[in-house]
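Residue numbers (the working numbering), protein chains in the order written: chain A, 135 to 556; chain B, 6 to 242. Here's the structure, in structure tokens; my notes come after.
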Amino acid sequence: MSRSDRGSPVPPDPHRLAAGAGRGTASAARLRFNAGEAAASLRSMLARSALALVGIVVGIGAVIAMVSTGEIVKEESLRQFRELGTDIVRIQRQFARVRGRVLEMNLADVNGLASAVPAIESAAAAVDANTRIRYRGQVLGQNIAFGVTGGFFRLSKLPLAEGRLVSDLDRHRFYCVAGAGIARAIRDAGAVSALGERVRVFGRLCTVVGVLESVPPLAFGRQLVPDEAVFMPIEAVMRAGGVGIRDAVAQARGGVEPEVARRAVEAHFGRVRPNLRVSVTTAGQLIARMRSQGQLFTLLLGAIASISLIVGGVGVMNVMLMSVRERRAEIGLRRAIGARRGDVRQQFVIESAALCLSGGVLGVALGVAVAWGVCRFAGWPFSVSTTAIMVGVAVATAVGVFFGLYPAHRASRLDPIEALRN
Amino acid sequence: MLRLRRVHKSYRLGPVSVDVLSGVSLTVREGELVSIMGPSGCGKSTLMNIAGLLDRPSSGACLLRGRDAAEMSDDERAEMRNAHIGFVFQSFHLLPRLTAARNAGLPLVYRGLSEAAIRKRAREALDRVGMADRHEHLPSQLSGGQQQRVAVARALVGEPAMVLADEPTGALDPATGDEIMTMFETLSAAQGVAVVVVTHSAEVAARSHRQTSMEQGVLVETGPEAASTGAAAAAAR
């Protein structure tokens, strides 16, 4: 039949003449349209999907936090391993009381270690005591003063920027080496240089004799941030703060396995200080412990992520089923004017994915915030992981598609006649 | 154009089977305007659904442009509807979130045309039904008559060979219903589109070329002579 010879003002439509032909190739345009449709109906759905989206937001947040902290822990432990060196063992005294007295290591234990144990090249100790550090009425740093032996700076790889380090010869003198951040604060308070300035520690004046270069935080003792610390001669802090030595580091002689050095130190303490209980760990063990701590975080976040995503996904499925029921007339109409079952299915899957994706975007923001908080809490440097964000977006979309499949299938199986009936 | 041959349709209601259509035969040629009257529940809508490839007959054949609907898959029937049939409903069935232009262009989306092509043709279709100044209005901003015009534009936009209208004037006042019928007359006379109108209104039926009536599942020709008056009415305009 030809209608053009009847004087139709519109030329025959090639698409109509070739029904079916070329429809597959134009699916990109239809996909784009369906996506646009999804955005429009999404706005009306967002209000009531808020609850369902909470699950998605929390789930994706946990995914992001999980991947980010996992990556950060890995990087951080590698960095510390490199910085600390594999040849370091750490000695911590365990709490023990003999006749009412708490036993501590003493300076001779640490200083004599290198000569008494052949596997050890050198040893250093550090103590810390709480005190307010003031300069011109201003409080500086972390309210902790560190007392260190002369070898501490070399073993901890803390480089001097100017002045000199404190040494064992300084004994009880109130001299200190300032971290880069402290030195900057002193300059900000009006001094030309931190060198020669006096800060108030333990209620007494203490002269800054050296300034360190800026370095990242250490895993030594309690989380030590060298930039925000002042280092005094160990004897000065022990006397002024009334603290004993709880923490020491020793470096294995070249070519000696860290584990061998660890056992030698342990045996040495068992021999010379039988009442003092110490735990000796290698750098490798230290880092392994840190990693397992990180893995625990990852496991916890992973559990939160899976549970929330399932709960959120089921919620989204519910919202979509409700939406399908409410839009029966629309589905019937679309089928009547030529939508195939696949078109209807695609439309609802896209809507579900878009819904979850919008929750996912919020979740990414939440996850980055949580990762930041975890890093701050654990004292690790924070960085935003692009992998984490990509994983989050992909997971959100996948959840949307997965939990959208069933409602979309239901929509596509609706009988158009039933659906159109008022 | 459309040929229904001895179409039967029965539904199962529990243990009993109810015949809705019992042997309906109907041929609609291009450019023909056919009306179907009859009481509620007599099977008019079922007949329209079968003619519109939305439903399958229990027995008998439905041929659209020479192709037997029974031999088509679900997707093929969707494609045939999209390419050859325009639907107009009593309750318009416009999508409330979409503008008039988007509503009118909807069938073309399923042909996979580009956004620009769809817009252009949707505007042309709206212009043809006298809605040139309402392209960006939402259905809720339009009167019933205007909404039905948009629905007619949606039925026309794909240049169908046949328009199936199920009580298109049922929800409109007589004057507006008249305008809709005039559009159908123009469509059939000027463009050779076959139009089938189900109606309760004798005035609407009187304007068709052929009047039929459905009773107890059987279709009867009631007014072949109406063809001349219908044609005359169209010519007078």
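Note that beta-carbon positions come from the ideal geometry of N, C-alpha and C, so glycine has one too.
Three-state secondary structure (DSSP) of residue i
| i | result |
| --- | --- |
| serine 45 of chain B | coil |
| arginine 268 of chain A | strand |
| glutamine 276 of chain A | coil |
| threonine 521 of chain A | helix |
| phenylalanine 365 of chain A | strand |
| threonine 341 of chain A | strand |
| serine 327 of chain A | coil |
| alanine 236 of chain B | Residue confidence is low: alanine 236 of chain B scores 44 on pLDDT, short of 50, so the model does not pin down where it sits. No coordinate-derived value is stated. |
| histidine 306 of chain A | coil |
| isoleucine 55 of chain B | helix |
| tyrosine 16 of chain B | strand |
| methionine 186 of chain B | helix |
| alanine 384 of chain A | strand |
| isoleucine 379 of chain A | strand |
| threonine 227 of chain B | strand |
| serine 40 of chain B | strand |
| methionine 4 of chain B | Because chain B spans 6 through 242 in this model, residue 4 of chain B falls outside it and cannot be assessed. |
| serine 211 of chain A | helix |
| arginine 166 of chain A | helix |
Residue interval of the beta strand (DSSP E) (run including residue i)
| i | result |
| --- | --- |
| phenylalanine 92 of chain B | 90-94 |
| glutamine 216 of chain B | 215-220 |
| glutamine 226 of chain A | 222-227 |
| leucine 31 of chain B | 21-33 |
| arginine 332 of chain A | 332-335 |
| aspartate 282 of chain B | Since the first and last residues shown for chain B are 6 and 242, residue 282 of chain B lies out of range. |
| serine 64 of chain B | 64-69 |
| valine 394 of chain A | Careful: valine 394 of chain A lies outside any beta strand (DSSP E), inside the alpha helix (DSSP H) at 392-406. |
N-terminal and C-terminal residue of the alpha helix (DSSP H) that residue i is part of
| i | result |
| --- | --- |
| leucine 143 of chain B | No alpha helix (DSSP H) holds leucine 143 of chain B; DSSP gives it neither H nor E. |
| lysine 125 of chain B | 120-133 |
| isoleucine 421 of chain A | 417-460 |
| alanine 499 of chain A | 475-512 |
| leucine 99 of chain B | Where leucine 99 of chain B is concerned, there is no enclosing alpha helix (DSSP H), given that its DSSP letter is neither H nor E. |
| glutamate 208 of chain B | 207-211 |
CB contact check: residue i to chain B, cutoff 8 Å
| i | result |
| --- | --- |
| phenylalanine 167 of chain A | yes |
| isoleucine 484 of chain A | no |
| alanine 473 of chain A | yes |
| arginine 182 of chain A | no |
| serine 457 of chain A | no |
| serine 492 of chain A | no |
| glutamate 464 of chain A | yes |
| serine 161 of chain A | yes |
| arginine 544 of chain A | no |
| alanine 488 of chain A | no |
| arginine 547 of chain A | no |
| leucine 554 of chain A | yes |
| alanine 470 of chain A | yes |
| leucine 176 of chain A | no |
Straight-line gap, residue i to residue j (C-alpha atoms, nearest Å)
| i | j | result |
| --- | --- | --- |
| alanine 199 of chain A | serine 440 of chain A | 13 Å |
| glutamate 226 of chain B | methionine 42 of chain B | 10 Å |
| alanine 488 of chain A | histidine 13 of chain B | 45 Å |
| asparagine 108 of chain B | alanine 156 of chain B | 8 Å |
| arginine 231 of chain A | leucine 329 of chain A | 42 Å |
| histidine 205 of chain B | glycine 175 of chain B | 8 Å |
| arginine 407 of chain A | leucine 430 of chain A | 36 Å |
| alanine 545 of chain A | arginine 213 of chain A | 54 Å |
Below-8 Å beta-carbon distance, residue i vs any chain A residue
| i | result |
| --- | --- |
| glycine 117 of chain B | yes |
| histidine 98 of chain B | yes |
| leucine 192 of chain B | no |
| glutamate 120 of chain B | yes |
| alanine 83 of chain B | yes |
| aspartate 24 of chain B | no |
| proline 79 of chain B | Note on identity: in this sequence residue 79 of chain B is aspartate, with proline being the wrong assignment. Closer than 8 Å to some Cβ of chain A, the Cβ of aspartate 79 of chain B qualifies, so yes. |
| valine 114 of chain B | yes |
| arginine 139 of chain B | no |
| phenylalanine 92 of chain B | yes |
| arginine 243 of chain B | This structure cannot speak to residue 243 of chain B, because chain B is shown only from 6 to 242. |
| arginine 86 of chain B | yes |
Is it the case that the segment 178-197 of chain A contacts the segment 474-492 of chain A, given that we only count it when at least three CB pairs across the two stretches are under 8 Å?
With the cut-off at 8 Å, the segment 474-492 of chain A and the segment 178-197 of chain A touch.
Would you call the segment 440-460 of chain A in contact with the segment 512-527 of chain A, where contact means no fewer than 3 C-beta pairs closer than 8 Å?
Result no; under three Cβ-Cβ pairs closer than 8 Å.
Along the segment 29-60 of chain B, where does the CB come closer than 8 Å to a CB of chain D? Name the residues.
Looking at the structure shown, chain D is missing, and the protein chains on hand are A and B.
Is the segment 161-171 of chain B touching the segment 122-131 of chain B, taking contact as three or more C-beta pairs under 8 Å?
Remark: three or more beta-carbon pairs, one from each stretch, lie closer than 8 Å, so the segment 161-171 of chain B and the segment 122-131 of chain B are flagged as touching.
Under 8 Å: do the segment 52-62 of chain B and the segment 111-118 of chain B share three or more Cβ pairs, one atom per stretch?
The answer is no - the segment 111-118 of chain B does not touch the segment 52-62 of chain B, with fewer than three Cβ pairs under 8 Å.
Quick one: any contact between the segment 319-329 of chain A and the segment 266-277 of chain A, if contact means 3 or more CB pairs under 8 Å?
Yes, since at least three Cβ pairs between the segment 319-329 of chain A and the segment 266-277 of chain A fall closer than 8 Å, the two stretches touch.
Please determine if the segment 190-206 of chain A and the segment 460-472 of chain A are in contact, where contact requires at least 3 C-beta pairs separated by less than 8 Å.
No: fewer than three Cβ pairs fall under 8 Å.
Looking at C-beta atoms only, is the number of pairs between the segment 389-399 of chain A and the segment 409-427 of chain A that lie closer than 8 Å three or more?
Three or more beta-carbon pairs drawn from the segment 389-399 of chain A and the segment 409-427 of chain A are found closer than 8 Å, and the two stretches are therefore classed as touching.
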